[in-house]
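Chains as they are written, first to last, in the numbering used here: chain A, -8 to 243; chain B, 9 to 231; chain C, 9 to 231; chain D, 4 to 207; chain E, 4 to 207. Cβ atoms here follow ideal geometry from the backbone N, Cα and C, with glycine treated the same way. Worksheet for the structure shown next.
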Amino acid sequence: MPNIANPTIFLSLVRRVLPWVTALTVALLLVGVYLIFFIAPPDYQQGESVKIMYLHVPAAWLSLFIYIVMSAAALGTLVWRHPLADAAQKAAAPLGAAFTFVCLATGSLWGKPMWGTWWVWDARLTSVLVLFLIYLALIALWEAIEEPGRAARAAAIMTLVGAVNLPIIKFSVDWWNTLHQPASVFRVGGPAIAASMLLPLLVMALAATLLFLTLHMMAIRNEILRRRLRRLTILAAEQSDAPAYAAAEPAR
Amino acid sequence: MGGALAAQFRRELKIARRSGGGASTGAVFFLVLAAIFPFAVGPDLNLLARIGPAILWIAVLLSTLLGLDRLFQADYEDGSLDVMLTGEMPLELIVLVKCAAHWLTTALPLVFVAPLFGLALAQDGAALVRVTLSLLVGTPALTLIGAIGAAATVSLRRGGLLIAVLVLPLTIPVLIFGVSAAGAGLADPVRFAAPFAILCALSLAALAGAPFAVAAALRYGGE
Amino acid sequence: MGGALAAQFRRELKIARRSGGGASTGAVFFLVLAAIFPFAVGPDLNLLARIGPAILWIAVLLSTLLGLDRLFQADYEDGSLDVMLTGEMPLELIVLVKCAAHWLTTALPLVFVAPLFGLALAQDGAALVRVTLSLLVGTPALTLIGAIGAAATVSLRRGGLLIAVLVLPLTIPVLIFGVSAAGAGLADPVRFAAPFAILCALSLAALAGAPFAVAAALRYGGE
Amino acid sequence: MRLEVSDVRVERGGRRVLDGLSFVLAPGNALIVTGPNGAGKSTLLRALAGLLPLAAGRIAIVGADHALPCREVAHYVGHADANKASLTANENLAFWAASLASQQGGRSALQPAEALASSGLQRLADLPVSVLSAGQRRRVALARLLVASRPIWLLDEPMTALDAASQTRLGDQMRRHLDQGGIIVAATHGTLDLSDARHLELRH
Amino acid sequence: MRLEVSDVRVERGGRRVLDGLSFVLAPGNALIVTGPNGAGKSTLLRALAGLLPLAAGRIAIVGADHALPCREVAHYVGHADANKASLTANENLAFWAASLASQQGGRSALQPAEALASSGLQRLADLPVSVLSAGQRRRVALARLLVASRPIWLLDEPMTALDAASQTRLGDQMRRHLDQGGIIVAATHGTLDLSDARHLELRH
Ligand code: HEM
Ligand SMILES: Nc1ncnc2c1ncn2[C@@H]1O[C@H](COP(=O)(O)OP(=O)(O)OP(=O)(O)O)[C@@H](O)[C@H]1O
Ligand SMILES: Nc1ncnc2c1ncn2[C@@H]1O[C@H](COP(=O)(O)OP(=O)(O)OP(=O)(O)O)[C@@H](O)[C@H]1O
Ligand SMILES: [Mg+2]
Ligand SMILES: [Mg+2]
Chain A
-8 MPNIANPTIF
2 LSLVRRVLPW
12 VTALTVALLL
22 VGVYLIFFIA
32 PPDYQQGESV
42 KIMYLHVPAA
52 WLSLFIYIVM
62 SAAALGTLVW
72 RHPLADAAQK
82 AAAPLGAAFT
92 FVCLATGSLW
102 GKPMWGTWWV
112 WDARLTSVLV
122 LFLIYLALIA
132 LWEAIEEPGR
142 AARAAAIMTL
152 VGAVNLPIIK
162 FSVDWWNTLH
172 QPASVFRVGG
182 PAIAASMLLP
192 LLVMALAATL
202 LFLTLHMMAI
212 RNEILRRRLR
222 RLTILAAEQS
232 DAPAYAAAEP
242 AR
Chain B
9 MGGALAAQFR
19 RELKIARRSG
29 GGASTGAVFF
39 LVLAAIFPFA
49 VGPDLNLLAR
59 IGPAILWIAV
69 LLSTLLGLDR
79 LFQADYEDGS
89 LDVMLTGEMP
99 LELIVLVKCA
109 AHWLTTALPL
119 VFVAPLFGLA
129 LAQDGAALVR
139 VTLSLLVGTP
149 ALTLIGAIGA
159 AATVSLRRGG
169 LLIAVLVLPL
179 TIPVLIFGVS
189 AAGAGLADPV
199 RFAAPFAILC
209 ALSLAALAGA
219 PFAVAAALRY
229 GGE
Chain C
9 MGGALAAQFR
19 RELKIARRSG
29 GGASTGAVFF
39 LVLAAIFPFA
49 VGPDLNLLAR
59 IGPAILWIAV
69 LLSTLLGLDR
79 LFQADYEDGS
89 LDVMLTGEMP
99 LELIVLVKCA
109 AHWLTTALPL
119 VFVAPLFGLA
129 LAQDGAALVR
139 VTLSLLVGTP
149 ALTLIGAIGA
159 AATVSLRRGG
169 LLIAVLVLPL
179 TIPVLIFGVS
189 AAGAGLADPV
199 RFAAPFAILC
209 ALSLAALAGA
219 PFAVAAALRY
229 GGE
Chain D
4 MRLEVSDVRV
14 ERGGRRVLDG
24 LSFVLAPGNA
34 LIVTGPNGAG
44 KSTLLRALAG
54 LLPLAAGRIA
64 IVGADHALPC
74 REVAHYVGHA
84 DANKASLTAN
94 ENLAFWAASL
104 ASQQGGRSAL
114 QPAEALASSG
124 LQRLADLPVS
134 VLSAGQRRRV
144 ALARLLVASR
154 PIWLLDEPMT
164 ALDAASQTRL
174 GDQMRRHLDQ
184 GGIIVAATHG
194 TLDLSDARHL
204 ELRH
Chain E
4 MRLEVSDVRV
14 ERGGRRVLDG
24 LSFVLAPGNA
34 LIVTGPNGAG
44 KSTLLRALAG
54 LLPLAAGRIA
64 IVGADHALPC
74 REVAHYVGHA
84 DANKASLTAN
94 ENLAFWAASL
104 ASQQGGRSAL
114 QPAEALASSG
124 LQRLADLPVS
134 VLSAGQRRRV
144 ALARLLVASR
154 PIWLLDEPMT
164 ALDAASQTRL
174 GDQMRRHLDQ
184 GGIIVAATHG
194 TLDLSDARHL
204 ELRH
């Protein structure tokens, strides 16, 4: 099989695959929206606001999934030094932050009617918030270190350390939340989900995953091209710098 | 003259925007810091609602001051400061421009992020508006006073913490009036007007005085 | 081997003690920080008593993390790191020694200053003991986890803030268990034992894991 | 317009590094400062640039229509490059051109692009300085001399890290500056082949 | 014991800076690396010191009783001085002596005080490095070569900022090192008068 890790091969692969994936994503999204608004029943106690769930839950799932993808890429950077892994890492961070933010935003939009407040420091909500902050920190690291290779290695280590830490954080946040008297009578995860809700939910989850894959591929491609451009300019500059030297060089 | 100042201003913004500028770090630090507090004080919404303005203001205070360490140090280390001193532009003006650019790139974003996070701290609409306004007029004082500390420690390679130590005590007035202007609970606008006015006064005073202190500190530091 | 490590340890202590080492800065920062909270939240003693441990722990957390920026950066910039890498001593050990020295000179003082300040925050005797103990076993974890951030940002001049941003989320467990171990109010010792034990476990885990992450980050950063 | 230095004393860390130092430089004159490490070469240049206070004596520009501080008519190129790593060579020079541009006209200066070209850096102009090698950075710093025209050049070990080609290029630029009535004070450990340059040997 | 470099490739920022570079140095050999700015001199030295990973090829010490990584038998003196400004010259050297001291004995090294003396710094031994001048600092850095005896010296522009006396002194030290069967790889823009040294000219 072709070595997909080779950026050039990857680029050609993307060129061929991307249109199909994009089309599939759009299709699934349309189906999902149709199911949500015409098939799925309104919840008897939550009313129409339950429809937020179809955006909220997939976002929540993806926020974790993307971190896993990013950690895998981080391993690629450190162990195999693949430039492709670098790009995959860098491209994943903002996407992860975006999906996590959607989860937070929809969640609190949902929380307003449900709890009468935008936010409660519920265990699960809070750990999602921490995940969001970790994404932001990694983005800050990426843009703080100028030289791409070095940034990739630093980010990779912080990503993996974060991966090790996330379970500990989840555990301690739960502990913290149960320690104090429950913040609110409502808990996240409302009524048991009916089958008629489950189908659109799963469709939306799949659509969201594909959406991520599409955006990720695009971002990786752009990152690879950006790096190539940088490298080529520097290279060209030096080739042009050399003759100027050779001309004036004293004969040895 | 004007051209030189404009060039200086553009340069600062460019440096902040470029990869390596890390202008956003301050905003993220603010978010992380504000998010840390509930883990310490517990998830009690009433309590959080009560100390919310304090949390927001302290978070802004720290992320503003701690972000100042490179304000002059970078120019000092790479020799830019020496060359600027050989220019005809009065150092005071250069300082003013640098502070303005720094406020624009680091402090102003906080003013917009703070209310968002205020929601998580159970602040109601009125309180959010107050926090935002108080931060808007208060942060310039923080940046300018902080700049004095940054200039005094310009030749030391261990900036951030030391600047905060020097400057935090001086910023206590800003903090007090800022929090009491932002302080939710006091419904009537009068209680807001007074501290708010004082806050503006503090910022204007800093604007008038700080540049000279900064310039003096930089000149001595350069020797 | 042992000799080299000992020399390294002595060197770190010397640098910290010398003028410009600024080992005391962290402690002062802690004091200033803990002192401005009352100004922000207001002089309500009950409130202060309630959030006292939280304030102390947050102040310690910040002064520990923000003091880490020069831990490896100084050696990186003046080339010492390069030369150390050419030595026979495994970098992991050097890292461990440096962290130990740093903890000794910056974190340990806080452990002793904190209870003093606890008095000002209306903490009773039992609470003070708990705060001190929790800080004593918790701070090593902070230093070690923070060191990872310091190593990852070693090539950056503008370290401090970014380190805090990277590391603060990771230190949330330490903060949670630290505060609840220190947490005044819960009288019975059982409520203390559990978080305290977990705190020790966290520090040990950091001790076992962090040096490798740090060494890796430094090696990659040096390229 | 002459640069007059009359028995200047400079102290650093409480020690007299320079004492009773005097000289006069007329347009077209170059002064090459040599001496062992720690003799005070850099100190002298920083004092001329107005970056160090004088413990005694005076440094004056004589013959300018209105008395000027030396620092405002002098270029100072020290050990540090005074360029931002994240900005391109062009951006750095453009900034210095704008901020060092002098009111009282003087000879017309080069555009940043021209200055870089005449330092053999034309193709490097749009790269961030951070990816340049030691000598390339040094050349960007020296190009500053050309983008704002100032009569006095204060150069601290200008040849450091320059390759052969760049060294000859800098030599030519210095000679041209002198021919146009400029003044140069340069500290060096090597040799600067400036015809009829005066030499000042500092000792401890 | 020989230093064998067989077609080494080093990439920086994703670009090949060195490619297909090979040479062998036997005891007593010196290699002088020259080339324009940005040719890769510093890169080569850092790679030899094990501070940069090789994209291809290998660097090996052949003939040592048990195979050693080059970095453990080499002194690396780069652009940076690797000395703490707040410590005295003596303290800095003492630290390096302790931390670079090698297990497998080798020739006996000098004491820090002796090393400073033989670099003409005895009077400055107890001053904090921060008050030393550029060249004085450089000399403290170079004194590190003498306090721990290692067969291979990797020197990046060693003569920078040194005054005439110090340059000759360093020259003598390098020759002595070669006579004792040492190996030297030095990058320079100037000339190092090492008899029968080999030259490597790097191009872009
Ligand atoms: C900002 C606030 C919120 C955040 C960060 C949040 C976070 C999450 C996360 C991470 C999940 C996935 C958990 C899993 O699949 O195991 C989830 C699922 C879910 N959330 Fe939320 N949530 C928030 C607000 C809400 C609100 C207000 C409601 C409505 C009462 C809600 C209802 C649900 C439901 C029904 C599910 C799917 C069922 C389940 O997985 O338990 N969430 N939320
Ligand atoms: N920042 C400083 N504080 C105190 N003393 C200093 C400082 N910098 C230099 N000195 C002292 O001033 C003297 C002159 O230093 P200077 O840098 O001018 O020497 P130099 O001639 O430039 O030497 P070099 O050839 O090494 O550059 C030295 O003895 C040095 O110890
Ligand atoms: N940290 C880095 N990241 C990416 N590229 C770099 C880095 N440092 C140097 N380079 C590039 O590697 C090439 C070689 O640099 P190097 O410093 O080895 O040159 P050099 O021969 O030492 O030049 P000089 O004589 O100026 O010291 C240069 O083109 C430079 O642009
Ligand atoms: Mg000098
Ligand atoms: Mg070099």
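Residues in the same chain with beta-carbon distance under 7 Å from B:Leu178, minus the five sequence neighbours each way, listed in chain order, please. Ile153
C:Ala205 versus C:Ala218, C:Gly146, C:Ala225 and C:Leu170, residue with shortest Cα-Cα distance: C:Gly146
Sorted by chain position, which residues of the same chain lie with C-beta nearer than 7 Å to D:Ser89's C-beta, five sequence neighbours on each side aside? Pro131 and Ser133
Can you list, in chain order, every residue whose CB sits closer than 5 Å to a heavy atom of ligand 2? D:Arg15, D:Gly16, D:Val20, D:Asn40, D:Gly41, D:Ala42, D:Gly43, D:Lys44, D:Ser45, D:Thr46, E:Val134, E:Ser136, E:Ala137 and E:Gly138
Please determine whether the Cβ atom of D:Asp159 lies at a distance below 7 Å from any heavy atom of ligand 4. yes
Less than 6 Å between C-beta atoms, sequence neighbours within five positions excluded: which residues of the same chain meet that for E:Asp84? Arg140 and Ala144
Using only the heavy atoms of ligand 4, determine whether one of them is closer than 7 Å to the beta carbon of D:Ala190. yes
Closer than 7 Å: D:Ala164 CB and nearest ligand 3 heavy atom: yes
Using DSSP with H/G/I as helix, E/B as strand and the rest coil, what is D:Gly81? coil
Chain B beta carbons: is any one of them nearer than 8 Å to that of D:Glu160? no
Report the residue from A:Gly87, A:Pro85 and A:Arg115 whose alpha carbon sits nearest the alpha carbon of A:Gly98. A:Arg115
Compute the Euclidean distance between the alpha carbons of A:Pro85 and A:Glu134, then round it to the nearest angstrom. 11 Å
Select from E:Ser198, E:His207, E:Gly16 and E:Val80 the residue whose C-alpha is nearest the C-alpha of E:Asn32. E:Ser198
Starting from A:Thr91, trace the beta strand (DSSP E) in both directions and tell me its first and last residue. From DSSP, A:Thr91 is part of no beta strand (DSSP E) but of the alpha helix (DSSP H) over Pro74 to Trp106.
CA-to-CA distance, B:Leu56 to A:Leu197, given in whole angstroms: 38 Å
Range covered by the beta strand (DSSP E) that runs through A:Phe29: A:Phe29 -> no beta strand (DSSP E), and no H or E assigned at all.
Should D:Ile186 go down as buried or exposed, given a rule of 16 or more other Cβ atoms within 10 Å for buried? buried
Looking at the strands, I want to know which residues DSSP matches up with B:Phe45. B:Phe45 is not bridged to any residue.
What does a CB cutoff of less than 6 Å around A:Ile27 pick up in its chain, not counting 5 residues either side in sequence? Lys42, Tyr45 and Pro191
Can you list the residues of chain C that B:Leu183 reaches, using a CB-CB cut of under 9 Å? Ile44, Phe47 and Ala48
By the 10 Å Cβ neighbour count, where 16 or more other Cβ atoms means buried, how is A:Lys103 classified, buried or exposed? exposed
Where D:Leu71 and D:Leu34 are concerned, what is the direct C-alpha to C-alpha distance, given to the nearest angstrom? 21 Å
Check whether the Cβ of A:Ile225 sits closer than 7 Å to any heavy atom of ligand 3, and report yes or no. yes
Which of helix, strand or coil DSSP assigns to D:Leu21: strand
So, with DSSP's three-state summary, where would you put B:Phe220? helix
If you draw a straight line from the alpha carbon of C:Arg25 to that of C:Leu74, how long is it in whole angstroms? 18 Å
Is E:Arg147 helix, strand or coil when you go by DSSP? helix
At a cut-off of 7 Å, would you count E:Glu204 as near ligand 3, judging by its Cβ distance to the nearest heavy atom? no
Would you tell me roughly how many angstroms separate the C-alpha atoms of E:Leu181 and C:Thr161, rounded to the nearest one? 40 Å
DSSP beta-bridge partners for D:Leu158? D:Val80 and D:Ala189
Output the distance between the C-alpha atoms of A:Leu124 and A:Asp77, rounded to the nearest integer angstrom. 21 Å
Under 8 Å, do D:Leu51 and D:Ala77 count as touching if we go by C-beta distance? yes
Partner residues on chain A for D:Val134, Cβ-Cβ distance less than 7 Å: Ile225
Determine the extent of the alpha helix (DSSP H) in which D:His180 is found, giving its start and end residues. Ala167 to Asp182
Give the residues of chain B in contact with A:Thr108, contact being defined as C-beta atoms less than 8 Å apart. Leu53 and Ala130
At a Cβ cut of 7 Å, what residues of the stretch 132 to 158 of chain A count as close to chain C, listed as they run along the chain? Leu132, Ala135, Ile136, Arg141, Arg144, Ala145, Ile148, Met149, Val152, Gly153 and Asn156
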